[in-house]
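Trainee: So that we are looking at the same thing, I have put the structure below in structure tokens.
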């Protein structure tokens, strides 16, 4: 069934492509997504994390973007990417405390209009990896819609979803808290990171993916399709 | 600008040898890392990794096994697995993941490129354990090549004040009398209270006596009119340089035109050993055991001061041993005063660490008596009384009674020379493992007081016999190999052979003693006369028993562990605790752990050599 979801993503990409406006979105959609049967060790993956002012993609803003490539199931720190975004309006105080991004930092940031094309270029041909997909997906779609007039489709692996399915197969009950990135990492003997920024969280998510895969104790890496999400979910 | 990969940067820059790199290089290194995660039960290298890599353990644990399945080592957080990159001539090995592990990996080639400007750091990945240890020891030597006490001590702390002066109008004879009364070797001559010249005992010898000049001549005739001087804030090292440059042995210490005192070359030369010299002088003059006890109380403090002054471990134990010998000698003299003169010739002999000149302020007493062959039965009680007096005295001075009763108070070790000779002959020609277990200490002996020929005669016989006595050497080796160095460290534990963990590292039994034992085996196998471990290693270096290189490696290991021990004890002394040989791994820095591991490795290698050389049965 999950294969079909991913099949769906590829099908939607092909459907959207002719209608896509010239520029970043079109360039992104032109490159095929990795095939759903590809074993994960041969799928280029981009672990992604946004720090945002809130959860509403229309009202709230992206504060910073962190990303790192996972190739051959290894996190390639050479590709580590961190970008602070400058947005209009003062930062919400609560958000500042969580993300440690002050107005001063923000002033050094780049406008999202300039950052997004290079990010889409990075994402092209790769599977995205996030922990709790709705935030990144919605912010990506909303931003593309605002900037380019079209919200493309994104093939996403969600570590929270992987963990949820694993926990669902057990008889023991779990609380939603158990699915938080921090708590899941603890279960896998992954280190506690002190700093919380988008890049650290992207790396943390990528490490969690590696740990979840190892937990399955598979002889071979699973096919991409078994892990990706239906593009229309939520 | 903040560092993007702060977490990873912080982690790497705390791990040796990366901690020696500047931040920009650590940043470059972290940019080349790939992260892997492996579940318990997997092995290294991970599936699909073909190139050789360095593995930094961020979380988790791995163990390294030989192809024969013996545990070689265990790595935890913050450890680096270099096994795939290099140097160490390995037998086949395998690395198993023991706990779910997050690894930072770097290709060995990449490491080469990144660190080519830092040969010191690269050496860590390239060289064998012994080579690394050698580099470390060379660094330590360099760091203390300047006698640091000279550098740390200002002249004001050692000057003799006030300076002894006389008007320049006095005769040479009057000057000489003035000097000898004041027990000084130089005299400052003044005119209107102002210094105008200097005369030394050498000047009087050379310029007056040797020239046949009348001692009634005015001293001004032979004085030196330029007075070499320093200020009281000058450090002792600079003062010594000034003496060397000006070819003088005395300096006036002058501050703002005021003569503060004098300093001479022997004041400077004695600076390092000043306290030891002072203490041994006081010991020689002590009139009672109580007075000796007072002096011996300053020993831990002396050890601490020597460590602070950067004196090498070997020198420190030599000084501590010298003081121990002085106490022993004075006790024997006090005993003779009480008991009357000895009925026959004898030698008071130190055994073990005292004989090897490897004592610290915390040492047991090990001793024996070698008595002349002409001892009559009725004179035996004199020696018993001597042994009791000295042994009790040593105990009062902090040298605990030997738990194994290796003391002259024990009649088994209070023998005539011919009895010793027979005993040694028995130990060597019809060896039994059990007898040798207790007697190996008697192969490290040194006469501290009395007739040295009694021991040296027996020693000659011993060294004639031992090189040809394969079975004896085999048993000696068998016993020696019971003490093995640990494999290394795992987290805050000491990892020992069966994979068990210990809370503390016993620097004596698991570090120094195995080297002492090896050196003894080599020395006896080669008939070498040296007793001190380092001297034994140097004497046998290049013989069939021990190659030059292996000897140098063992020396480095001995010196490194010895340094760690002496520093550990100095800290305990400073905290007001009793000094011991037990160190908690948490108190050993990451770098020291790495060096220790190298030292252990050197010992292990040489232990396995002698093991195969002298196989029992």
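Protein chains in written order, with the numbering used here: chain Z, 763 to 996; chain V, 238 to 854.
Beta carbons are placed, not taken as given, at the ideal position from N, Cα and C, and that holds for glycine.
What you are looking at is a predicted structure, and each value in this text was computed from that prediction instead of being measured.
In the structure shown, what three-state DSSP assignment does residue 810 (chain Z) receive?
Mentor: Correct three-state label for residue 810 (chain Z): strand.
Trainee: Using a C-beta to C-beta distance shorter than 7 angstroms, which residues of chain V count as neighbours of residue 953 (chain Z)?
Mentor: Going along chain V in sequence order, the residues near residue 953 (chain Z) (Cβ under 7 angstroms) are 295, 296 and 339.
Trainee: Relative to the C-alpha of residue 758 (chain Z), which candidate in V:552, V:403, V:244 and V:344 has its C-alpha closest?
Mentor: No answer is possible for residue 758 (chain Z): the residues shown for chain Z start at 763 and end at 996.
Trainee: With 7 angstroms as the limit, tell me which residues of the region 255 to 280 of chain V have their beta carbon closer than that to any beta carbon of chain Z; keep them in chain order.
Mentor: Flagged, chain order: 267, 268, 269, 270, 271, 272, 273, 274, 275 and 276.
Trainee: Which first and last residues belong to the beta strand (DSSP E) in which residue 1007 (chain Z) is found?
Mentor: Any question about residue 1007 (chain Z) goes unanswered here, given that chain Z covers just 763 to 996.
Trainee: In chain Z, which residues lie with their C-beta within 7 angstroms of the C-beta of residue 242 (chain V)?
Mentor: Going along chain Z in sequence order, the residues near residue 242 (chain V) (Cβ under 7 angstroms) are 839 and 842.
Trainee: Just verifying my parser: in three-state terms, what is the DSSP assignment at residue 478 (chain V)?
Mentor: Helix at residue 478 (chain V).
Trainee: Tell me where the alpha helix (DSSP H) around residue 906 (chain Z) begins and ends.
Mentor: Start and end: 895 to 910.
Trainee: Under a CB-based cut-off of 7 angstroms, is residue 238 (chain V) close to chain Z?
Mentor: Low per-residue confidence applies at residue 238 (chain V): pLDDT is 36, beneath 50, and the placement is therefore not dependable, though the value from the model is reported in the following sentence. Residue 238 (chain V) does not count as touching chain Z.
Trainee: Look at the Cβ atom of residue 970 (chain Z), then the Cβ atom of residue 921 (chain Z), and state whether they are nearer than 7 angstroms.
Mentor: In this structure, residue 921 (chain Z) lies closer than 7 angstroms to residue 970 (chain Z) by Cβ.
Trainee: Leaving out five residues on either side along the sequence, give the residues of the same chain with a beta carbon under 6 angstroms from the beta carbon of residue 774 (chain V).
Mentor: 756, 788, 791 and 792, listed in sequence order.
Trainee: Going by DSSP in three states, residue 746 (chain V) sits in which element: helix, strand or coil?
Mentor: The answer is helix: DSSP assigns residue 746 (chain V) an H, G or I state.
Trainee: Identify which residue in V:691, V:540, V:354 and V:643 has its Cα closest to the Cα of residue 807 (chain V).
Mentor: Considering only alpha carbons, the answer is V:540.
Trainee: For residue 497 (chain V), report the span of its beta strand (DSSP E) as first-last.
Mentor: Taken as a continuous stretch (DSSP letters only), the beta strand (DSSP E) holding residue 497 (chain V) covers 495 to 501.
Trainee: Flag residue 973 (chain Z) as yes if its beta-carbon sits less than 7 angstroms from any beta-carbon of chain V, otherwise no.
Mentor: True, the Cβ-Cβ gap to chain V drops below 7 angstroms.
Trainee: Please check the pair residue 351 (chain V) and residue 467 (chain V), which I expect to be a contact at CB under 8 angstroms, by giving their CB distance rounded to whole angstroms.
Mentor: Residue 351 (chain V) to residue 467 (chain V), Cβ: 49 angstroms. No contact.
Trainee: When the Cα atoms are used, what is the spatial distance from residue 359 (chain V) to residue 353 (chain V)?
Mentor: Their Cα atoms are separated by approximately 7 angstroms.
Trainee: Using 7 angstroms as the limit for Cβ to Cβ distance, is residue 976 (chain Z) near chain C?
Mentor: Structure shown: chain C not included; protein chains present are Z and V.
Trainee: Specify the secondary structure class of residue 828 (chain Z) as computed by DSSP and reduced to three states.
Mentor: The answer is strand: DSSP assigns residue 828 (chain Z) an E or B state.
Trainee: Can you tell me where the beta strand (DSSP E) with residue 836 (chain Z) in it begins and where it stops?
Mentor: Unbroken beta strand (DSSP E) run through residue 836 (chain Z): 836 to 848.
Trainee: Just how far apart, CA to CA, sit residue 816 (chain Z) and residue 846 (chain Z)?
Mentor: So the two alpha carbons sit approximately 16 angstroms from each other.
Trainee: If distances are taken between C-alpha atoms only, which option among V:718, V:639 and V:786 comes closest to residue 670 (chain V)?
Mentor: Selected option, being the one with the closest Cα: V:718.
Trainee: Between the alpha carbons of residue 566 (chain V) and residue 686 (chain V), how many angstroms are there, rounded?
Mentor: Their Cα atoms are separated by approximately 6 angstroms.
Trainee: With C-beta atoms as the reference, is residue 798 (chain V) less than 7 angstroms away from residue 725 (chain V)?
Mentor: It is not a contact, given that the beta carbons lie outside the stated cut-off.
Trainee: Provide the residue span of the beta strand (DSSP E) that contains residue 686 (chain V), from first to last.
Mentor: Here the beta strand (DSSP E) through residue 686 (chain V) covers 682 to 687.
Trainee: Give the interface partners of residue 285 (chain V) over in chain Z, defined as CB-CB distance under 7 angstroms, in chain order.
Mentor: What residue 285 (chain V) touches in chain Z: 803 and 834.
Trainee: So residue 296 (chain V) is in the beta strand (DSSP E); what residue range does that whole segment cover?
Mentor: First-last of the beta strand (DSSP E) with residue 296 (chain V): 290 to 303.
Trainee: Is DSSP giving residue 627 (chain V) helix, strand or coil here?
Mentor: In this structure, residue 627 (chain V) counts as helix in the three-state DSSP scheme.
Trainee: Considering just the uninterrupted stretch of the alpha helix (DSSP H) at residue 263 (chain V), what are its terminal residues?
Mentor: Segment 260 to 267, the alpha helix (DSSP H) holding residue 263 (chain V).
Trainee: Can you tell me the Cα-Cα spacing of residue 550 (chain V) and residue 826 (chain V), whole angstroms?
Mentor: In a straight line, the C-alpha of residue 550 (chain V) is about 19 angstroms away from that of residue 826 (chain V).
Trainee: Between which two residues does the alpha helix (DSSP H) holding residue 413 (chain V) run?
Mentor: Residue 413 (chain V) -> alpha helix (DSSP H) spans 409 to 419.
Trainee: Go to residue 435 (chain V), then tell me how far its beta strand (DSSP E) extends in each direction, as first and last residue.
Mentor: Where residue 435 (chain V) is concerned, the enclosing beta strand (DSSP E) stretches over 431 to 437.
Trainee: Write down every uninterrupted run of the alpha helix (DSSP H) in the region 341 to 367 of chain V whose length is 4 residues or greater and which is fully enclosed by it, in chain order.
Mentor: You should have 345 to 351 and 356 to 363.
Trainee: So what's residue 842 (chain V) in DSSP terms, helix, strand or just coil?
Mentor: Three-state result, residue 842 (chain V): helix.
Trainee: Enumerate, from N- to C-terminal direction, the unbroken beta strand (DSSP E) stretches of 3 or more residues contained entirely within the region 577 to 641 of chain V.
Mentor: Runs of the beta strand (DSSP E) inside the region 577 to 641 of chain V: 583 to 588 and 604 to 608.
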